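Participant:
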Ligand code: GUN
Ligand code: FE
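In the working numbering, the protein residues as written are 4 to 425.
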């Protein structure tokens with residue numbers, strides 16, 4: 004039997020707002036599945052090799068539940084327009100280049116490697132509308148050890164001539180893609196209507212039926228920008244709110260991820276909670292595109308499931324450490340805007356959202372719970388000034404962009420990345 008034993012300062016987020024710390028603890032996995040975190044190595048593992056990382060932090064690896072792979076080439080550029088203009092001016096032309104499989108291979112190999120270097124082992128990702136490039140993306144993630152869901156984007160209206168499918172093409176290509184991606188072990192398909200303005204009623208109906216027939220998860224965008232919301236209202240006058248355009252076609256359930264939800268009011272949030280939809284908070288992107296400040300504290304208080312997304316390239320970096328810090332900052336902005344009435348997110352809460360909350364979408368229990376697959380990383384901060392507690396060290400991890408301090412990453416039980424100290 005294969006046994007992995009990691010020794011160090013083990014920190015995990017078993018509940019929202021609480022960190023569990025074990026100094027000189029042993030994180031043990033059998034056949035890639037966590038057996039437990041122990042203060043003393045249990046007898047049954049005597050003689051098994053222990054990887055001793057000294058005082059280094061052993062953390063859960065990160066989950067990015069919303070990002071756009073074909074926007075990676077425009078990372079850090081084109082931040083001067085609001086959403087709808089930004090899509091037409093920068094985003095759609097950038098995604099159109101993924102008709103070329105060689106280009107896709109080169110970009111996606113780099114992206115997959117960079118995710119792993121940043122400690123991100125689980126993703127829910129938008130590809131472009133191109134079937135072949137989507138399969139290449141899945142291959143490259145699988146090769147790098149990144150796990151999760153990838154969606155071929157569906158968009159049969161309001162694109163640009165170089166980036167739009169007919170309804171029939173969208174249907175046929177989606178079915179063929181689903182057939183061709185069956186053999187991937189760690190990267191699975193997720194249905195991806197880009198957002199309501201991109202999909203005709205017929206296409207939405209097809210996708211809703213497909214989700215029900217095959218038990219497939221769904222990802223899309225919701226209430227990101229006020230201009231977008233007005234547009235959706237004019238496209239679907241029969242729907243009182245944006246979310247109803249998804250529900251109408253069977254795209255609104257406990258296996259649905261909705262990115263942004265910046266302008267979701269209490270009624271829309273109640274609809275999320277009741278259906279078990281997960282809101283993916285993308286704080287960097289929301290600020291970069293002047294979309295707004297999402298009411299994350301309210302969502303959490305109301306029992307809505309919330310996870311985090313980098314939303315590159317609306318977001319300007321892949322590091323989920325940064326995204327967690329940005330979420331905390333956004334909650335402070337919300338507090339200022341709301342007249343100091345709402346509490347901001349704590350570091351422990353931000354960390355939970357970036358790790359355990361994302362892992363929950365994959366059916367995992369929070370923290371390093373026994374039975375979970377091993378998704379972990381070692382963070383070596385010994386070059387930085389001494390801090391007395393693991394909690395303070397974790398806070399510094401969030402704010403100091405310590406990508407170079409990540410020494411090793413395990414994904415789905417396997418060592419997927421390791422880097423000797425420079
Ligand atoms: N809404 C529809 N498409 C997109 C996209 O690519 N990025 C963001 N941030 N919002 C969208
Ligand atoms: Fe997005």
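Just so it is clear, CB atoms sit at the ideal spot from N, CA and C, and this is done for glycine as well. Note that the coordinates shown come from a computational prediction; the quantities given were computed from them, not determined experimentally.
#1: Taking 7 Å as the threshold (C-beta atoms), are residue 210 and residue 194 in contact?
#2: Does the count of Cβ pairs from the segment 53-73 and the segment 112-129 closer than 8 Å reach three?
#3: Locate the alpha helix (DSSP H) running through residue 193, then write down its first and last residues.
#4: Give the secondary structure of residue 330 by DSSP, where H, G and I count as helix, E and B as strand, and everything else as coil.
#5: Taking only the alpha-carbon atoms, compute the straight-line gap between residue 131 and residue 367 and give it to the nearest angstrom.
#6: With DSSP as the reference, label residue 2 as helix, strand or coil.
#7: So is residue 275 buried or exposed if we call it buried at 16+ other beta carbons inside 10 Å?
#8: State the beta-bridge partners of residue 21 as determined by DSSP.
#9: So what's residue 395 in DSSP terms, helix, strand or just coil?
#10: Using only alpha-carbon positions, find the residue among 8, 61, 36, 74 that is nearest to residue 316.
#11: Would you say the beta carbon of residue 262 is closer than 6 Å to some non-hydrogen atom of the ligand FE?
#12: Per DSSP, residue 309 is paired with what?
#13: Since I believe residue 296 is in contact with residue 304 (beta carbons under 8 Å), could you give me their beta-carbon distance rounded to a whole number of angstroms?
#14: Which class does residue 101 belong to by DSSP, given the choice of helix, strand or coil?
#15: Have a look at residue 168 and residue 358 and give me their C-alpha separation to the nearest angstrom.
#16: Taking 6 Å as the cut-off, does the CB of residue 407 come closer than this to any heavy atom belonging to the ligand FE?
#17: If you count every other CB in all the chains shown that lies within 10 Å of the CB of residue 4, and 16 or more means buried, which is it?
#18: Could you spell out where the alpha helix (DSSP H) holding residue 318 opens and where it closes?
#19: Restricting to runs no shorter than 4 residues, where is the alpha helix (DSSP H) found entirely within the segment 89-166?
#20: Verify whether the separation of the beta carbon atoms of residue 351 and residue 22 is less than 7 Å.
#21: Could you check what DSSP says for residue 297 in three-state terms: helix, strand or coil?
#22: Locate the beta strand (DSSP E) running through residue 226, then write down its first and last residues.
Facilitator: In short, the structure shows the following:
#1: yes
#2: yes
#3: It is not in any alpha helix (DSSP H) - residue 193 carries neither H nor E in the DSSP assignment.
#4: helix
#5: 28 Å
#6: Residue 2 lies beyond the stretch modelled for the chain, which goes from 4 to 425, so this question has no answer here.
#7: buried
#8: 18
#9: helix
#10: 74
#11: yes
#12: 282
#13: Incorrect: roughly 16 Å between the Cβ atoms, too far for contact.
#14: helix
#15: 35 Å
#16: no
#17: exposed
#18: It is not in any alpha helix (DSSP H) - residue 318 carries neither H nor E in the DSSP assignment.
#19: 95-99, 104-120, 134-147
#20: yes
#21: coil
#22: It is not in any beta strand (DSSP E) - residue 226 carries neither H nor E in the DSSP assignment.
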